[in-house]
Amino acid sequence: MDRRSAEQPPATEVQQVAETAVVMDGSAETPVENSSQEDVIDPQSINVSERCDESASGNQDQREETPGVINIPRYRWQLCSILIFILSSIAIGFLVVEIKNQHSNNNKLKQLLNSSYQNVSILENEILQLKVLLNEFQMENKELKVHLNSTLDKYNLIQAQLEETNTKQHSILSSNRLSFLWNFCNKDTLQCLSCMPGWVEHASRCFLLSDIKKNWEDARRDCLDKSGDLAVVLDAEDQALLTNMTFQYKNMHPEENFHSAWIGLQDMGKENTFLWVNGNGVMADVNYWNENEPNNAIPFWDSDRAGQDCVAIVPPKNIEKEGWLNSWDDIICGGRRHYICETTALILPRP
Ligand SMILES: [Ca+2]
Ligand SMILES: [Ca+2]
């Protein structure tokens, strides 16, 4: 055996391969006659089906040696086709499963996407509502700012007016016009009484019987200095109060010669026309002349012959006797007598 024959496969094997190739080509009817053709056959030209047949059957040599070997490659091809079909089916099955999985995943993604779209839509609606609310709040904020500014302007105006009023009040309180009020009030405690100390409150007025004596004109001047005037009898209650005051004083000071007290009644302008210091005349129902008064008596020592033109209350001997209120007597104005002043009581309105 030469080198070529040693490298090539045995003739029987080459022949089998050649025969198989002929069968595959449909030329199985042409027999292989010489070894030169065997040399032409390229082992690499053996197709995949033949390799598949070879791998599918482990006893190839045995079959080639038995008669009727022509049907064996066809059977191998069928087996290989079946195998390919099975493998293809399996692959297709896997592909179908994978496609189904992908389809399921796509559906889930679509659902998730739709859900996301819905959520986005809900969020957009909420954002729109929030924008509307924000605009409303901004409008309300602007209105509140305007209202606040208006309120602040009013407050500043009221504050300025209050400061001006306080300044005026401080000026008034510091003026002499209210010095009269300080007669009723303690400047330290700012507590005020209706009447000054020693004065008697009656019918929203205050009365004071002096413990000194003056003529009628000086007595009136003193009352005016006390921010009052000589007392005026407006009714029976006034008459009873003033007469009782002189009666009490007389009982307390029996040593004095004169206990009578001037009141604000006189007829200096026209004889027997008596006028009160407030300008009013004597009313018929407020008339409390003592018996036989007024008599305008002119004593011998009255060189001017002026007569009796000023009225005083002469205290009665007792206040239980009938007619004790009739205590008025006209007296010479120059005589020194006690006197009764009156002022308006300090009645402050309740806050
Ligand atoms: Ca007279
Ligand atoms: Ca008289």
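As numbered in my numbering, residues 4 to 354 make up the sequence shown, in order.
We put the CB at the ideal spot given by N, CA and C, even for glycine.
ASN329 to TRP292 span [Cα, whole Å]:
In the sequence shown, residue 329 corresponds to position 326, counting from 1. In the sequence shown, residue 292 corresponds to position 289, counting from 1. Distance between the alpha carbons of ASN329 and TRP292: 5 angstroms.
Legend entry - Reduced DSSP secondary structure (H/G/I, E/B, other) of LYS148: For this step, residue 148 is matched to residue 145 along the sequence shown. The answer is helix: DSSP assigns LYS148 an H, G or I state.
**Message:** Under 8 angstroms: do the stretch 192-201 and the stretch 311-326 share three or more Cβ pairs, one atom per stretch?
**Reply:** Remark: fewer than three beta-carbon pairs, one from each stretch, lie closer than 8 angstroms, so the stretch 192-201 and the stretch 311-326 are not flagged as touching.
Taking C-beta to C-beta, are ALA264 and LEU212 nearer than 8 angstroms?
Numbered from 1 along the sequence shown, position 261 holds the residue referred to as residue 264. Numbered from 1 along the sequence shown, position 209 holds the residue referred to as residue 212. Closer than 8 angstroms, so yes.
In this structure, does DSSP put THR347 in helix, strand or coil?
-> The count along the sequence shown starts at 1 and reaches residue 347 at position 344. Residue state, collapsed to three classes: strand.
Discussion item. Does the structure place the stretch 201-210 close enough to the stretch 277-288 that three or more beta carbon pairs sit under 8 angstroms?
Written reply: no
Anything with a beta carbon under 7 angstroms from a heavy atom of ligand 2 counts; list them all in chain order.
GLU296, PRO297, ASN298, ASN299, ALA300, GLN311, ASP332, ASP333, ILE334
Ignore the nearest five residues each way along the sequence and tell me which others in GLU204's own chain have a CB closer than 6 angstroms to its CB.
-> Locating residue 204 in the sequence shown gives position 201, counting from the first residue. Closer than 6 angstroms at the Cβ level, and outside the excluded window around GLU204, lie SER197, CYS198, ALA348.
Which of the three DSSP states is assigned to LEU211 in this structure? Start at 1 with the first residue of the sequence shown, and residue 211 comes out as number 208. Looking at LEU211 - three-state DSSP - the assignment turns out to be strand.
To the nearest angstrom, how far is the alpha carbon of ILE102 from that of PHE88? Taking the sequence shown and counting its residues from 1, the one referred to as residue 102 is at position 99. Taking the sequence shown and counting its residues from 1, the one referred to as residue 88 is at position 85. Straight-line Cα distance between these residues: approximately 20 angstroms.
As assigned by DSSP and simplified to three states, the class of ALA264: Numbered from 1 along the sequence shown, position 261 holds the residue referred to as residue 264. ALA264 falls in the strand class under three-state DSSP.
Among GLU258, LEU155, THR346, whose alpha-carbon lies nearest the alpha-carbon of ASP1? Here the chain has residues from 4 to 354 only, and residue 1 is not among them.
Quiz item: Taking contact to mean at least 3 C-beta pairs separated by less than 8 angstroms, is the stretch 302-313 in contact with the stretch 244-262?
Solution: no
Can you tell me where the alpha helix (DSSP H) with TRP239 in it begins and where it stops?
Within the sequence shown, the letter at position 236 stands for residue 239. One point to set straight first is that residue 239 is Ala, not Trp, in the sequence displayed. Element bounds for ALA239: 239-255.
*Use the C-beta contact count for THR170: other C-beta atoms within 10 angstroms, 16 or more gives buried, fewer gives exposed.*
Within the sequence shown, residue 170 is the residue found at index 167, counting from 1. With fewer than 16 other Cβ atoms within 10 Å, it is exposed.
Check: Would you say VAL289 and GLY267 are within 8 angstroms of each other, going by their C-beta atoms?
Finding: Start at 1 with the first residue of the sequence shown, and residue 289 comes out as number 286. Start at 1 with the first residue of the sequence shown, and residue 267 comes out as number 264. Their beta carbons are not under 8 angstroms apart, which means VAL289 does not touch GLY267 by this criterion.
For this session: Specify the secondary structure class of LEU233 as computed by DSSP and reduced to three states.
Result: If you number the sequence shown from 1, residue 233 lands on position 230. Looking at LEU233 - three-state DSSP - the assignment turns out to be strand.
* In the DSSP assignment, find the unbroken beta strand (DSSP E) run with GLU204 in it and report its ends. => Within the sequence shown, residue 204 is the residue found at index 201, counting from 1. Counting along the chain, the beta strand (DSSP E) containing GLU204 begins and ends at 203-205.
- Task: Confirm, please, whether the CB-CB distance from TRP202 to CYS336 is below 8 angstroms.
- Result: Numbered from its first residue, the sequence shown carries residue 336 at position 333. Numbered from its first residue, the sequence shown carries residue 202 at position 199. Not in contact: CYS336 and TRP202 (Cβ atoms no closer than 8 angstroms).
- Where does ALA14 fall in DSSP's three states? As a working note, residue 14 is residue 11 in the sequence shown. At ALA14, the pLDDT of 43 sits below 50, so the modelled position is not reliable and the matter cannot be decided from this model.
For this session: May I ask which residues mark the beginning and end of the alpha helix (DSSP H) holding VAL198?
Result: Translated into positions along the sequence shown, residue 198 becomes position 195. What sits at residue 198 in the sequence shown is Cys, not Val. Careful: CYS198 lies outside any alpha helix (DSSP H) and carries neither H nor E.
*Compute the beta-carbon to beta-carbon distance between VAL314 and ASP333, rounded to the nearest angstrom, for a pair I have assumed lies under 8 angstroms.*
Mapped onto the sequence shown, residue 314 falls at position 311. Mapped onto the sequence shown, residue 333 falls at position 330. Yes, they are in contact, since the Cβ atoms of VAL314 and ASP333 sit about 5 angstroms apart, within 8 angstroms.
If you compare alpha carbons, which of TRP331, ASN260, ASN186 is closest to ASP241?
Taking the first residue of the sequence shown as position 1, residue 241 is located at position 238. If we check each option's Cα against that of ASP241, TRP331 comes out closest.
Going by DSSP, what residues sit across from TYR158 in a beta bridge? Walking along the sequence shown from the start, residue 158 turns up at place 155. DSSP lists no partner for TYR158.
Applying the criterion that 16 or more other CB atoms from any shown protein chain within 10 Å of the CB defines a buried residue, is TYR158 buried or exposed?
Here residue 158 refers to the residue found at position 155 when the sequence shown is read from its first residue. Counting Cβ neighbours within 10 Å, TYR158 comes out exposed, since fewer than 16 surround it.
Using 7 angstroms as the cut-off, classify the Cβ of ASN275 as near or not near the heavy atoms of ligand 1, replying yes or no. Looking up residue 275 in the sequence shown gives position 272. Indeed, a heavy atom of ligand 1 lies less than 7 angstroms from the Cβ.
Self-check item: Where ILE334 sits in the DSSP three-state scheme
Solution: As a first step, residue 334 must be located in the sequence shown, where it is residue number 331. Residue state, collapsed to three classes: strand.
*asked:* Taking the alpha-carbon of GLU259 as reference, which of ASP225, LEU82, ARG340 has the nearest alpha-carbon?
replied: Along the sequence shown, one-based indexing puts residue 259 at 256. That would be ARG340, whose Cα lies nearest to the Cα of GLU259.
Practice prompt. Report, in whole angstroms, the separation of the C-beta atoms of ASP225 and LYS217, which I expect to be a contact under 8 angstroms.
Written response: Translated into positions along the sequence shown, residue 225 becomes position 222. Translated into positions along the sequence shown, residue 217 becomes position 214. 6 angstroms between Cβ atoms; contact.
CB contact check: GLN162 to chain C, cutoff 8 angstroms:
The displayed structure is made up of one protein chain only, and chain C is not part of it.
Kindly list the residues whose CB is nearer than 8 angstroms to the CB of GLU274, restricted to its own chain and excluding five residues on each side of it in sequence; keep chain order.
Within the sequence shown, residue 274 is the residue found at index 271, counting from 1. Result list for GLU274: ASN299, GLY310, ASP312, in chain order.
Would a C-beta distance cut-off of 8 angstroms place THR249 and TRP327 closer than the cut-off? For this step, residue 249 is matched to residue 246 along the sequence shown. For this step, residue 327 is matched to residue 324 along the sequence shown. Not a contact, by the Cβ cut-off of 8 angstroms.
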